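Participant: For the sequence shown, position 110 (counting from the first letter as 1) is numbered 112 according to my numbering, and the numbering increases by one without interruption.
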Amino acid sequence: MADNQFFFLGNSSHSQMMGCVMKTPTKTVVIDGGSCGDWEQLTRMLSEQCGGHVDGWFFTHPHHDHIGAYCEMAKKAPHIKVDKLYQCFPKMEELEMRESRRPDEKALWAFMESPAQADKTHRLAPGECFTFDGVSIRVLRVFDPAITVNFINNSSAVFHVSSAEKSFLILGDLGKEGEQRLIDECPLTLLQTDYTQMAHHGQKGVSRAFYEYIQPKACLWAAPEWLWNNDMGDGFDSGPFDTVRTREWMQALGVTVHYISKDGTHIIDF
Numbered sequence: 003m004a005d006n007q008f009f010f011l012g013n014s015s016h017s018q019m020m021g022c023v024m025k026t027p028t029k030t031v032v033i034d035g036g037s038c039g040d041w042e043q044l045t046r047m048l049s050e051q052c053g054g055h056v057d058g059w060f061f062t063h064p065h066h067d068h069i070g071a072y073c074e075m076a077k078k079a080p081h082i083k084v085d086k087l088y089q090c091f092p093k094m095e096e097l098e099m100r101e102s103r104r105p106d107e108k109a110l111w112a113f114m115e116s117p118a119q120a121d122k123t124h125r126l127a128p129g130e131c132f133t134f135d136g137v138s139i140r141v142l143r144v145f146d147p148a149i150t151v152n153f154i155n156n157s158s159a160v161f162h163v164s165s166a167e168k169s170f171l172i173l174g175d176l177g178k179e180g181e182q183r184l185i186d187e188c189p190l191t192l193l194q195t196d197y198t199q200m201a202h203h204g205q206k207g208v209s210r211a212f213y214e215y216i217q218p219k220a221c222l223w224a225a226p227e228w229l230w231n232n233d234m235g236d237g238f239d240s241g242p243f244d245t246v247r248t249r250e251w252m253q254a255l256g257v258t259v260h261y262i263s264k265d266g267t268h269i270i271d272f
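Right under this line is the structure:
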């Protein structure tokens, strides 16, 4: 087994989700984790493979399919110990002002702002770098209050994850309105990685021009089968999503390696 393993989590429910777990020789790091329906899958994995201990938990943004699993696990599986949370979420009042959301998602926001969670939360800043056994997580961008279009998705933190051997770009649900600062402020070497997590589950995320700029080598798609095929019941590419268009972009760029959450959890040695 390699020194480090990157687990790109598969869907355990019908919902879209995004979650990654990284294991180094002595550390465990999670990014996002999935929706409320994914908490049991995540808890089982952390118990069986990571000793029930997470050294650092990083979040891209506060949508339910990214923070829900953590919130459920924190309430229902207290035996999983999490040392530190890392995020840069807008405050709840700003979230409520900018986007109308369901009461259950608002409850997740309130939980993340509760004193018990706030006490172990580090608020991220651009340029910060955290190291776990030689694996580095560099913060490339955080919430920009000036971007009010597609507000919560564009609040996504972006991470560059790297070991001595491999690198990953974690885009969260970043939209095209939030991509320009990455281009302007980040060296291209930090955006051109071995593995690229496709923004917003591979549809209506960053632009085609952004992908052309960073030239992905292998793609991580947080997409269940219905989203991967844009099929809500009426056949292939009959739904309202742009996943198939993004797949066509990647084909045009010559990308042939794809890890898709519909196929289960993928383990990448790095």
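Ideal placement from N, C-alpha and C gives every residue a C-beta, glycine not left out.
Remember, it's a predicted structure, so these values are computed and weren't measured experimentally.
Output the distance between the C-alpha atoms of Ser37 and Lys77, rounded to the nearest integer angstrom.
Facilitator: Within the sequence shown, numbered from 1, the residue matching residue 37 stands at position 35. Within the sequence shown, numbered from 1, the residue matching residue 77 stands at position 75. About 14 Å.
Participant: Just to confirm, are Asp239 and Ala201 a CB contact at a threshold of 9 Å?
Facilitator: Translated into the one-based positions of the sequence shown, residue 239 becomes position 237. Translated into the one-based positions of the sequence shown, residue 201 becomes position 199. Against a cut-off of 9 Å, the Cβ pair of Ala201 and Asp239 comes out as no contact.
Participant: Applying the 10 Å Cβ sphere with the 16-neighbour rule, what's the burial state of Gly70?
Facilitator: Stepping through the sequence shown from its first residue, residue 70 is reached at position 68. By the 10 Å Cβ count, Gly70 comes out buried.
Participant: Tell me, which residues are paired with Tyr1 by DSSP?
Facilitator: The question about residue 1 has no answer, for the chain in this structure spans 3 to 272.
Participant: Check whether the stretch 97-108 and the stretch 126-145 touch, using three or more Cβ-Cβ pairs below 8 Å as the test.
Facilitator: The stretch 97-108, when compared against the stretch 126-145, does not touch it at the 8 Å Cβ threshold.
Participant: Reducing DSSP to helix, strand and coil, say where Val246 ends up.
Facilitator: Counting from one through the sequence shown, the residue named residue 246 turns up at place 244. Helix at Val246.
Participant: Would you kindly work out how many angstroms separate the C-alpha atoms of Asp57 and Lys25, rounded to a whole number?
Facilitator: Position 55 of the sequence shown, counted from the first residue, corresponds to residue 57. Position 23 of the sequence shown, counted from the first residue, corresponds to residue 25. If you take the alpha carbons of Asp57 and Lys25, they lie about 10 Å apart.
Participant: Are Trp251 and Tyr213 close, meaning C-beta to C-beta below 9 Å?
Facilitator: Counted from its first residue, the sequence shown places residue 251 at position 249. Counted from its first residue, the sequence shown places residue 213 at position 211. Result yes, Cβ atoms of Trp251 and Tyr213 sit closer than 9 Å.
Participant: Based on Cα-Cα distance, which residue from Trp111, Phe61 and His81 lies nearest to Ala127?
Facilitator: Stepping through the sequence shown from its first residue, residue 127 is reached at position 125. Among Trp111, Phe61 and His81, the Cα nearest to that of Ala127 belongs to Phe61.
Participant: In whole angstroms, give me the CA-to-CA distance for Lys86 and Asp121.
Facilitator: For the purposes of this step, residue 86 is taken as the residue at position 84 of the sequence shown. For the purposes of this step, residue 121 is taken as the residue at position 119 of the sequence shown. Roughly 9 Å between the two C-alpha positions.
Participant: How big is the Cα-Cα spacing for Phe132 and Trp230?
Facilitator: To locate residue 132, count along the sequence shown from 1; it is residue 130. To locate residue 230, count along the sequence shown from 1; it is residue 228. Using only the alpha carbons, I get a separation of about 33 Å.
Participant: Excluding five sequence neighbours on each side, which residues of the same chain lie with their C-beta closer than 6 Å to the C-beta of Gly204?
Facilitator: The residue given as residue 204 occupies position 202 in the sequence shown. Taken in chain order, the residues that qualify are Trp223, Ala225, Thr245 and Thr248.
Participant: Give the DSSP-derived three-state secondary structure of Ser158 in the structure shown.
Facilitator: By 1-based counting over the sequence shown, the position of residue 158 is 156. Correct three-state label for Ser158: coil.
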